[in-house]
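Undergrad: I'd like to ask you about the structure that follows.
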Amino acid sequence: MKKQEKYDVVAELTDHLTKSKCFYITDTSGLSANKTNELRRIMFKGGVKMTVAKNTLIRKALESTGVDFGSMYGSLKGSSSILFTEDFKTPAKIIKDFRKGNNIPALKAAYVENEVFIGDNQLDTLIALKTKDELIGDIIALLQSPAKNVISALKSSGGKLAGIVKTLSENPSKKEI
55 MKKQEKYDVV
65 AELTDHLTKS
75 KCFYITDTSG
85 LSANKTNELR
95 RIMFKGGVKM
105 TVAKNTLIRK
115 ALESTGVDFG
125 SMYGSLKGSS
135 SILFTEDFKT
145 PAKIIKDFRK
155 GNNIPALKAA
165 YVENEVFIGD
175 NQLDTLIALK
185 TKDELIGDII
195 ALLQSPAKNV
205 ISALKSSGGK
215 LAGIVKTLSE
225 NPSKKEI
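Under our numbering, the letters of the sequence shown match residues 55 to 231, in that order.
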């Protein structure tokens with residue numbers, strides 16, 4: 055690879071890194087060419103851009119963003135693929151579904167909304183994390199719950215009061231109470 059090509063790759067990676075809220079670094083070295091192409095197609099359908107690059111170029115792109123990725127640099131060993139996405143759950147789900155029976159591709163690291171996840175054992179954590187929209191929905195449901203309980207209690211109490219008033223009006227002997 056010529057020097058200008060390396061600069062172009064670093065510039066393209068830097069551009070993707072600054073635009074993406076999250077990205078994954080995976081190890082796909084044990085996959086055949088056919089399996090790698092199949093994984094790329096699945097990722098593409100899921101809205102994930104998969105790029106294979108040398109670790110030194112990925113490192114330079116990470117450094118040129120100005121963001122401190124901390125321990126993520128240590129995961130840049132061996133063969134690396136970088137996955138860019140807006141929905142942080144999609145790559146984790148695709149990886150888990152794709153690797154039925156083996157551990158390829160392996161998750162090296164993930165960056166999600168200013169948080170770094172290191173290691174393949176974080177895959178289930180990434181799948182379990184709630185998106186911003188899911189969290190907002192949960193908060194709205196929690197806020198609505200007390201209001202629904204009050205309205206329900208008022209409706210049921212209103213029916214009871216109406217029943218008591220009706221009973222009292224129909225039975226004149228109990229009006230003295």
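Glycine included, every Cβ here is placed at the ideal spot set by N, Cα and C.
How many Å lie between residue 112 and residue 174 at the Cα?
TA: Here residue 112 corresponds to residue number 58 of the sequence shown, with the count starting at 1. Here residue 174 corresponds to residue number 120 of the sequence shown, with the count starting at 1. Cα to Cα, residue 112 sits roughly 19 Å from residue 174.
Undergrad: What are the complete alpha helix (DSSP H) segments, minimum 4 residues, inside the stretch 93-145?
TA: Correct list: 109-118.
Undergrad: Just the Cα atoms here: how many angstroms apart are residue 190 and residue 75?
TA: On the sequence shown, residue 190 is found 136 positions in, with the first residue counted as 1. On the sequence shown, residue 75 is found 21 positions in, with the first residue counted as 1. If I take the Cα positions, the gap works out to 18 Å.
Undergrad: Can you tell me where the alpha helix (DSSP H) with residue 71 in it begins and where it stops?
TA: The sequence position of residue 71 within the sequence shown is 17, counting from 1. 57-73 is the span of the alpha helix (DSSP H), which, as asked, contains residue 71.
Undergrad: Residue 146: buried (16+ other C-beta within 10 angstroms of its C-beta) or exposed?
TA: Numbered from its first residue, the sequence shown carries residue 146 at position 92. Buried, by the Cβ-count rule.
Undergrad: Leaving out five residues before and five after residue 154 in sequence, what residues of the same chain have Cβ atoms less than 8 Å from its Cβ?
TA: Along the sequence shown, read from residue 1 onward, the residue named residue 154 stands at position 100. Hits under 8 Å: none found.
Undergrad: Out of curiosity, what's the CA-to-CA distance linking residue 140 and residue 203?
TA: On the sequence shown, residue 140 is found 86 positions in, with the first residue counted as 1. On the sequence shown, residue 203 is found 149 positions in, with the first residue counted as 1. Taking the straight line joining both Cα atoms gives about 37 Å.
Undergrad: So residue 80 is in the beta strand (DSSP E); what residue range does that whole segment cover?
TA: Locating residue 80 in the sequence shown gives position 26, counting from the first residue. Looking at the DSSP string, the run of the beta strand (DSSP E) that includes residue 80 is 76-81.
Undergrad: According to DSSP, is residue 161 helix, strand or coil?
TA: Taking the first residue of the sequence shown as position 1, residue 161 is located at position 107. It is a strand residue.
Undergrad: Rounded to whole angstroms, how far is the Cβ of residue 80 from the Cβ of residue 143, which I believe are closer than 8 Å?
TA: Start at 1 with the first residue of the sequence shown, and residue 80 comes out as number 26. Start at 1 with the first residue of the sequence shown, and residue 143 comes out as number 89. Incorrect: roughly 15 Å between the Cβ atoms, too far for contact.
Undergrad: Check residue 169 in the structure and name its three-state DSSP category.
TA: Numbered from 1 along the sequence shown, position 115 holds the residue referred to as residue 169. Correct three-state label for residue 169: strand.
Undergrad: Taking residue 129 as the reference, which of 119, 187, 138 and 108 has the closest Cα?
TA: One-based indexing of the sequence shown puts residue 129 at position 75. Of the listed residues, the one whose Cα sits closest to residue 129 is 108.
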